[in-house]
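The listed protein sequences derive, respectively, from chains A and B. Last residue of the first sequence: 1343 in this note's numbering, with the numbers rising by one and none dropped. Last residue of the second sequence: 480 in this note's numbering, with the numbers rising by one and none dropped. Ideal Cβ positions, reconstructed from N, Cα and C, are used throughout, including at glycine. Input: a single structure, listed below in structure tokens.
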Amino acid sequence: MCGGLADDAIATAQSDVPGRPSSAPTHSPLATDVTVTTNAPMPPTSESRAIARPLRTWFVELCAPLLVGGTLVAAVAMAIAFAASSSASTPLDDAMQSEMQDDGDGMMSGASGDAPISERERQFFEKKIRPILVANCYSCHSAEAERIRGDLVLDTRDGWMTGGASGPSIVPGDPDKSVLIQAVRWADEDLAMPPKRKLKDEDIAALEEWVRMGAPDPRVVTTGAIDSEGPALAGKSWDIEIARDFWSFKAPVKPKVPSPANATWSFGDVDRFVLASMEAHDLKPVGDASKRTWIRRVTFDLTGLPPTPEEIEAFEKDKTPTAYERVVDRLLASPAFGERWGRHWLDVARYAESSGKENNVLYPHAWRYRDYVIASFNADKPFDIFLREQIAGDLLPAANPNDRAENLVATAYLAIGPKSHNQQNPRQFYADVVDEQIDTVTQGMLGLTVACARCHDHKFDPIPQADYYAMAGIFASTATQFGTVQSPGNRRASSLIALPDEADVVAGPTMSQQVRTLIERGQERLTAEADEAMKAAEGKPREQVNNFRIAQQRAQVRTLESILERFDENGRPTIENRVTMGALDGQKILEAPILQRGEIDKPLERVPRGFVQVISGEASPSMPSDASGRRELADWIASPSNPLTARVWANRVWLHLFGKGLVPTPDNFGHSGVPPTHPELLDWLAVRLVEGTWSTKALVRELVLSRTYRLDSAHDDKNAEKDPDIVWLWRMPNRRLEAEAIRDAMLAAAGTLDRTPPSGSVINFAEGGLRGDNNRLLQQLLTDNRPLRSVYMPIVRDRVPDSLGVFDFAEPSFVVGDRDETNVATQALYLMNDPGVVGAADAFAARLVHDVPDSRNAEGERIRRAFELTLGRAPSGAEVTASKEFLDDFKKALVADGGKETAGSAGSGDAPRQRRPRERLAERAAERRGDGQGRSSNDPDALAWSAFCQSLFQTAEFRTLN
Amino acid sequence: MDCCSNRMPLPMNRRALLQTLACGFGYAAFAGLATSAFGDDIATDPLAPRSPHFAPRAKRVIFLCMVGGPSHVDTFDYKPKLATDDGKAFGKGFRQGAKLLASPWKFRQHGESGLWVSDLFPEVAKHADKLCLLRGMKTDVPAHPQAQMKLHTGSFQFVRPSMGAWSLYGLGTANRNLPGFVTINPNGSAQHYGSSFLPAVYQGVPVRASRNNRGNEEPIENIRNTRLGSKAQREQLDLVQKLNRTNLKREEEDAQIEGVIESYELAFRMQAEVPELLDLSSESKATQELYGIGASGATPAGESFARQCLLARRFAEEGVRFTVVSHGGWDTHRNLRDDLEKQCGEIDRPIAGLLADLKKRGMLDDTLVVWGGEFGRTPYAQNGNGRDHNNKGFTIWMAGGGVKGGLSYGSTDDYGIEAVDGAMDIHDWHATVLHLLGLDHEKLTYRHAGRDFRLTDVKGVVNKAILA
């Protein structure tokens, strides 16, 4: 399907694009060109060759309005430049920057013409004026009033500016003309305020003085609020002091640890908080979990893997007082910890290896960020530093090339978001990139939904539209480096960041000859097709030739070529593969204009770069004129005084250990979120996190060694009646395991799990969009079914592996702090029929036979071993009996089925059926591994054991953490 | 208009939803959910049938999605002036020099309503009095991927749930043994039938309907076991359920375990029902012929589309809420005369068959049939004998399910370039489809990332003029 391009023009423009990542500068920011409000220079003309070619109507129509004061030719030149340029290191193209800058009157001519008020004026207002208004006027003229009189409110500046029934209440500078002053003077009988008692003379004088000063009023946040939708909070500007009076916007203060009545139950302070809440609700904690239950719980929670039967046994036998600590320390030191907890962060970071959206362009280097995250958790990198690196790693000092490389890779956080690579309008594209970055950063790190304020002031939180564009300026001054190769399906490519030569970084995976051949054949085929089409076109009228298709084929050849440039003939990654996605400062530093309703062609006044005012305070941060401000943003977010950051992270950690956050909406700490159930505990944890140098491992260690974490999950009628939702944590809630843990646990039981981290990702062998021929290569790569840990599976948006997707894997296009936990039929079908699951069951069965050699008692022993490997416990007598009966009955059923009818094919399945490619692959893989899979299909005993093993995977208990 | 809209305090976030929808099985929240501070502690079922906001006119939708942008000026938007001005230079805008291209096909009036339909659709034209032509459609962007995304989800800028997912979310399922939202041989991004931030239960289930139903691919992922017979698999399930019930006894009451138990029973029933449903051999020869199945001279794509239409009726009959049938190849930049004739030839009889069959079975009254693509095409020529994309004016038609038949609503200008009268954009169309299903598009919201979302964002006006 054609992408709707101007066939000739774009094809020509693109034919010059090498599409290779170019080395970008690796150190100090490039930016030197500070915002100017004149027209920016045009981009270099070398790319504008295509201007003369006809452009499709709508293409120009889309671009033309973008130009303010430019000529059409210039617009086309820019449009083409966007389409063609892949080597520009700033994705926020010059033209876009000029767009954002060239609306001339760039002054802050806000709707209300406000100059910032001085500290002296603010003091005057706070000391003299506000108290008068609050004491004498608010009862009838504020949002709190039962009934607002005369349509006038005085609790915001907008209130008196708009005025009420009698018009604007104050004429700044002129007390005599101000209705409010006349009213308080009681000059006019009909307009005497307050109606019952005249103000003291000194109060009237103060008000007069204030009006004479120009009525400086701090009760305002620049709203930029435009015509169509007013600000949300009571429909007027906000008083920032009042807005700040919300639990999550106030700095956490380390609370006093309570002393619950039961003084002996608690192990530590966490327990004292929890127990105090229980006691306040007349609840009693249930007993402790068994050691088996606890070690299964903590092993899954810290590593995403089940404990081995040997580990369980050793722990049960260990009667020393430090037995629990030893287990926890062993798990924290395991590389599996980072694989588990890194994945939690990857959910929040919406990690994926493709752009998603329409053309789903692959990001072959995204895996470096995945590895960075895992390594950071394993190294217990202080969480503030971890955040700082992701926002501004490129701007941070580095002690050595390795650190430098790490810092650069960290910024891929900003680059891996979903994008519309075929977006025609570059300004729209970059505006959307910026929006996605704001959304991800604020939800993920701050628990704020700032992106809601793109089109209007936030509806629930005191976040004016101006705040959004203050942050947008920071990201608009940033050059996001997402790479990809330009093609008809991908109009938006950028360069990538070269990693320092001296750095000791993973080079990448080794390309197999098979993949190489596939790529080369693809190139040959496409070249031949294009040549043939060209030949056929000779002498034909132009309109009968499908130039677009030919251009597409040529572009695909180039895209494939760019893969081969990254690997040498032996399949080893070349220096071209030592690149990362990430962020650098743009060539221009700019302040973004507020966009009316978020529409790119409706710029209003510009706002200085900055943060969320309600958190950052009025003292506007000083933003460097020669850098994007990401470093300042990072410092602000990762500051101990930011009221949200530590709370949000502590809450996420809690959520992953107790199934639900203390704030049940982990990505939303605003007004539309849910307030904390244990606010003091949350604050205590947040403060402790900061005091403990932001160590995640220390926080996790403290929590899992608490008495609260050791509670059994047993039901209790009395407690359940009072607290059915276990809000007060009188027991451990049951949790469903995540998709990764379910798959890894199956492979672990089967004994086939390969715990070695792979080098890179199979997506490293690909490039280009998913639509079209490239699909074939991707299909091949995605059939990679190495039994690696699930965190290393390729995550391509819209192509998430079945094994993950079916169990509520985090949608990789969003910040997902809390996954769903469902139990649906598609999961049942997956566990019943998926060849991968069947393969794991086969391997598991083979392992049982291997572990327990034939003997008189072998059957019972194998059943016992199977239970231990999957459920971490021995079977009951009844369960052994049921299992033995099954093994017999199943074999009889096999005979009854006669091998003719397969389940699910009733009525239509008597013809021989071709096997799915995936099955064939699974079989071949099994043959290679020599684990008996595939060959076992005819042996009733082997089939029965495999079916038995599979049924253990299928139980509710297997996927449940008690 | 109010974007984040709908200040109605709908506590419908993902979690809350799982808890507030009552009823028992198929889907149980785990303790983490069931114990949320939001509400009830019971296992819940987001697929439970729900009462719509008001009396529905349609209970289900069959969306015949023409991928590539079918020409409106050659099919359902009669433009006599285009015929008389054939070959004239079209002097507007940047397309200067482009020449108007008269439709190579004649238009005639059909039925009592006298609806104009071109000769490309002789069979569909016989149902003219059932059709409600929306001839003033428009969309934002004349590029396929964006316009397709817009068509299905209402947004090309963001990842959003599809129309089918919203419908299922609003109505719940009517058949426990089948998915509530099915897309047959989907053609395009998975987002077209995705659930985005809605719970995954609402996403469309792709059904691969191969030509003879015995191809290489399973119709639904993991719908059959490649190794075990049904008796052996039942034995296996019996063991699983026995272990689950023992577990349930141990844990006393546990909604999650109940949910797991039920999910296996449902899966087992689906395994039995889906292949049967996909097996068209149980349909009479007459019915098959009605759809044009096995018609001589049919192209493979035509045969396939005919089977898909019949399949869509079978799904509709079994209570599937939303069925999408896709047909590609409408991107006629060149060779219009041959290609469009082939395209229309492939779908004409199957669609006419579907309308007739639904009517005969009394299902047309509460089944909304929709035909259309992501945009239309230009009245001026491209590559001599082709047409370019046109997002400013095109036609979608609907039939049955509470719309007025024999109606032509809205119009484009003399040539068919731009909607000038009764214009409807995609949001308006979505709002109208939801309205027909008994859903108020402004009330059908879902809380995500701190605010309430709708299929129609901040826009959409229900077109009441076309309601029967």
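Your pair A/Ser735 and A/Val1143 does not check out as a contact, with CB atoms roughly 12 Å apart and the cut at 8 Å.
Here A/Asn951 is exposed. Its C-beta has fewer than 16 other C-beta atoms within 10 Å. Counted as a single uninterrupted DSSP element, the beta strand (DSSP E) harbouring B/Ile196 occupies residues 193 to 196.
In its chain, beyond the 5 residues on either side, Asn788 have a beta carbon closer than 6 Å to the beta carbon of A/Leu777. Non-local C-beta neighbours of B/Glu124 in its own chain, meaning closer than 7 Å and more than five positions away in sequence, comprise Asp141, Gly418, ordered along the chain. Shown here for B/Thr195: same chain residues with a beta carbon closer than 6 Å to its own, the five before and five after excluded, namely Tyr205, Gly216, Pro218, Val336 in chain order. Pairing A/Ala1122 with A/Phe696, the inter-Cα distance amounts to about 22 Å. Residues of chain A with a Cβ closer than 7 Å to the Cβ of B/Lys254 are, in chain order, Ala1263. In the DSSP assignment, B/Cys77 is bridged to B/Ser338, B/Gly384. Scanning the region 613 to 653 of chain A from its first residue to its last, the whole alpha helix (DSSP H) runs of 4-plus residues come out as 621 to 624. In this structure, A/Pro869 is the residue among A/Thr823, A/Pro512, A/Pro869, A/Asp775 with its C-alpha nearest to the C-alpha of A/Gly1149. About 16 Å separates the beta carbon of A/Lys1041 from that of A/Leu664, a gap too long to meet the 8 Å contact definition. Buried is the label assigned to B/His156, since at least 16 other Cβ atoms lie within 10 Å of its Cβ. Here the alpha carbon of A/Lys1078 sits roughly 12 Å from the alpha carbon of A/Leu1086. The Cβ atoms of B/Gly388 and B/Asn397 do not sit closer than 7 Å to each other. Its chain contains Val1143, Pro1175, Val1177, Arg1180, Pro1182 as the residues whose beta carbon lies nearer than 8 Å to that of A/Leu1163, once the 5 sequence neighbours on both sides are disregarded; these appear in chain order. For A/Cys833, the closest Cβ of chain B is nearer than 7 Å.
Proximity of the region 855 to 868 of chain A to the region 965 to 972 of chain A meets the contact definition, three or more beta-carbon pairs being nearer than 8 Å. Using a Cβ distance threshold of 7 Å, A/Ser1140 and A/Arg1112 do not count as a contacting pair. Chain A places no beta carbon closer than 7 Å to that of B/Gln355, leaving this residue out of the contacts.
Close to B/Gln320, with beta-carbon spacing below 8 Å, lies no residue of chain A; the smallest spacing is near 17 Å. Three or more Cβ pairs drawn from the region 795 to 813 of chain A and the region 871 to 882 of chain A lie within less than 8 Å of each other, which places the two stretches in contact.
Closest in C-alpha terms to A/Ala714, from the list A/Thr684, A/Arg731, A/Ser1264, comes A/Thr684.
For B/His460, no alpha helix (DSSP H) run applies; the uninterrupted beta strand (DSSP E) run containing it begins and ends at 458 to 460, by DSSP. Under the DSSP assignment, A/Pro1021 falls outside any beta strand (DSSP E); it carries neither an H nor an E label. Within its own chain, the residues whose Cβ lies closer than 6 Å to the Cβ of B/Asn187, once the five positions on either side in sequence are excluded, are Glu330, Gly331, listed in chain order. In the DSSP assignment, no residue is bridged to A/Met892. At least 7 Å separates the beta-carbon of B/Pro92 from that of B/Gly385.
In this structure, the beta-carbon distance from A/Ser943 to A/Val866 falls below 7 Å. Looking from the CA of A/Ala1147, the closest CA among A/Phe1050, A/Trp748, A/Asp652, A/Ser801 belongs to A/Trp748. The Cβ neighbour count for A/Lys983, taken over all protein chains shown within 10 Å, is under 16; the residue is labelled exposed. Apart from the 5 residues on each side of it in sequence, A/Ala1325 sits with its Cβ closer than 6 Å to the Cβ of Leu1268, Phe1271, Lys1272 in its chain, given in chain order.
Residues of the region 1206 to 1227 of chain A with a C-beta atom less than 8 Å from some C-beta of chain B are Ala1206, Thr1207, Gln1208, Ala1209, Leu1210, Tyr1211, Met1213, Asn1214, Asp1215, Pro1216, Val1219, listed in chain order. Going by beta carbons, B/Gly472 and B/Asp440 fall inside the 7 Å limit. Taking A/Trp628 as the centre and dropping the five residues before and after it, the same chain places the C-beta of Pro1056, Pro1057, Pro1060 closer than 8 Å to its C-beta, in chain order. Following the DSSP letters along the chain, one finds B/Glu270 inside the alpha helix (DSSP H) bounded by residues 267 to 290.
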